[in-house]
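Accompanying notes for the structure given below.
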Amino acid sequence: MNVRILTTLALALLLVSASSASAAFNVTQIMVAKNTGYGFSDVIQTPDRVYPGDQVSLRFSVYTTRAEGARNVVVTPNTPFLTTTTVFSLGNIVRDVAQAELLSFTVPGDTKPGTYPIYFYATDAATPQQLIGQYQITVNEPLVANRLLAEAKLDEPAKAGDSGSLQIVITNKDPLDATDVIVQIKPDADRVFTPLATDRKYVERIAAGATVRVPFDVGVSAGATPGYYQLPVSIQYAVDQVVQPVINQSLGIQVQARPELLLTVDSTTASGTSASSLTLTVANVGDTPVRGVYIKTSSRSFRIVGASDKFIGTLNLDDSTTMAINLQPRGQVSNESTLDVTVTYKDPNNQEHTLTRSIPVSANELAAGGNGNAALGTRFRQSSRGFLGIDLLGWAVIVFALGVAGFFGYRWHQKRKAQTVASKVAHIGGKK
């Protein structure tokens, strides 16, 4: 009798334990958007396998990674199964201290099997509303024992105007093999992703518990803005040669921005000035606006006259700005002298980028067009001038030449005078 009671209690305890183990299972973590200052932890979905008509509870904890914390935090989940908006007011939270919340909803009974994204948005006193995370909830087909779950993986981040390889990773969760599997990519509502070669692939068999990768070449629309987009995928397959209902899933794929700045420089030198001016031009040649643009310059060979940095702020598409840098040599300038320029800016995902460039600057380049600007390293040596524009040495030569001419002139004059006297004496003697 005691043995029977103990056996009954043991079986009951085992059933309760098994029921509790399957009631709550951490299926997947929330995908966290980078550089938002927020994170998630302790994500628990109940039940772990969701079917149409189920009541679902999603427990999660939100925390901030900002050193100063966050004030007046409001988290808003965007759930495809709710007709009303659920808002969680978290108030002020400090760094790395998680605040637990519970999101409950019912999956409508006519929901098609597939993967549905739940987006989490947050706003606080310092930041407007931004996407901080995404959670994928899978609604299973209740009539089919076999389960094929798909997810998307990119070899490289998707960027507007790019093309690349997209891996559809399919996992067979059930103990039965799936055969004659056909995976097809369908056009998304925004027409962001386009198959480049083929839109469907055939897989002969996916063993029970196995995972296969099905590659597709896709192009990303040049007009796509940064953000998350849904890629519809359908999976056809058979189990024990019996064709199963088609599984339709929407896979979330992030399109990233391509921020890019171009730095150019022009040099000008004005005659009679004491410094040479370099004009820096920063242009937005990427596919998205950037903000927080800041230019900073420095040089070991030159002294910067006036401002050495400039805060620009936002540069929209195809915008540009200029900054004039006035340079004076600190001493002797070599051909290896440089002006070091650093440009920092942030993309729409709040990720900071840095552009650095060392611009070679020589004295000859700075002096070009300067017309003898002493400050640019050009030196002129002036001669000493005397009376009537003739220096002392010139006058000495002239005096010497005049003296020699006077001496020979005097000798010639005396000789001519003697000849004249002798002629007169001879003439008088003849008359007598």
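Residue numbers (the numbering used here): 1 to 432.
The C-beta atom is built at its ideal place from N, Cα and C for all residues, glycine as well.
Close beta carbons around residue i, own chain, < 7 angstroms, minus the five adjacent residues each side
i, result
"ARG213", "GLN167 and VAL169"
"ARG49", "ASN140"
"MET31", "GLY133 and GLN134"
"PRO157", "GLN256"
Test item: CB-CB of residue i and residue j under 7 angstroms
i, j, result
"LEU339", "VAL361", "yes"
"TYR51", "ASN140", "yes"
"ARG357", "VAL341", "yes"
"PHE81", "PHE105", "yes"
"TYR202", "ILE182", "yes"
"ALA152", "ARG71", "no"
"ASN316", "LYS112", "no"
"ALA238", "ASP177", "no"
"PRO195", "VAL220", "no"
"LEU262", "VAL285", "yes"
"VAL75", "ALA122", "yes"
"PRO77", "GLY252", "no"
"ASP110", "ARG147", "no"
Proximal residues to residue i (C-beta, below 6 angstroms), its chain only, five neighbours per side dropped
i, result
"THR354", "THR344"
"GLN55", "THR106"
"ASP42", "SER61"
"LEU280", "VAL265 and MET323"
"ARG258", "LYS159, GLY286 and ASP287"
Where residue i falls, given that 16 or more other Cβ within 10 Å makes a residue buried
i, result
"GLN382", "Per-residue confidence for GLN382 stands at a pLDDT of 30, beneath the threshold of 50, marking its modelled position as unreliable; the derived number appears in the next sentence. Classification for GLN382: exposed."
"GLY37", "buried"
"VAL276", "Checking the sequence, you will find Ser at residue 276 rather than Val. Counting Cβ neighbours within 10 Å, SER276 comes out buried, since at least 16 surround it."
"THR64", "buried"
"GLY209", "exposed"
"GLY114", "buried"
"VAL293", "buried"
"LEU103", "buried"
"ALA100", "exposed"
"PHE302", "buried"
"ALA401", "exposed"
Beta-carbon separation (whole angstroms), residue i vs residue j, contact threshold 8 angstroms
i, j, result
"VAL282", "ASP347", "Not quite, the Cβ-Cβ distance comes to about 15 angstroms (not below 8 angstroms), so this is no contact."
"ASP287", "GLY164", "With a Cβ gap of about 16 angstroms, ASP287 and GLY164 do not count as contacting."
"ALA150", "ILE235", "6 angstroms"
Contacts around residue i, its chain only, beta-carbon distance under 8 angstroms, and the 5 residues preceding and following it disregarded
i, result
"ASP240", "LEU176"
"ASP188", "TYR229, GLN230, LEU231 and PRO232"
"GLN433", "Past the edges of the chain, shown from 1 to 432, lies residue 433, and the structure says nothing about it."
"GLN414", "none"
Cβ-heavy atom distance, residue i to the ligand SAH, below 6 angstroms
i, result
"GLN236", "This structure lacks the ligand SAH; in fact it carries no ligand of any kind."
In chain order, each beta strand (DSSP E) run of at least 3 residues that lies wholly inside the region 283 to 342: Taken in chain order, the complete beta strand (DSSP E) segments of 3 or more residues contained in the region 283 to 342 are 290 to 298, 302 to 305, 309 to 315 and 320 to 329.
Those runs of the beta strand (DSSP E) which lie wholly inside the region 162 to 244 and span at least 3 residues: Unbroken beta strand (DSSP E) stretches of 3 residues or longer found wholly inside the region 162 to 244: 163 to 172, 178 to 185, 193 to 195, 200 to 206, 211 to 220 and 227 to 239, given in chain order.
Every unbroken beta strand (DSSP E) inside the region 41 to 92 [3 residues or more]: 55 to 64 and 70 to 78
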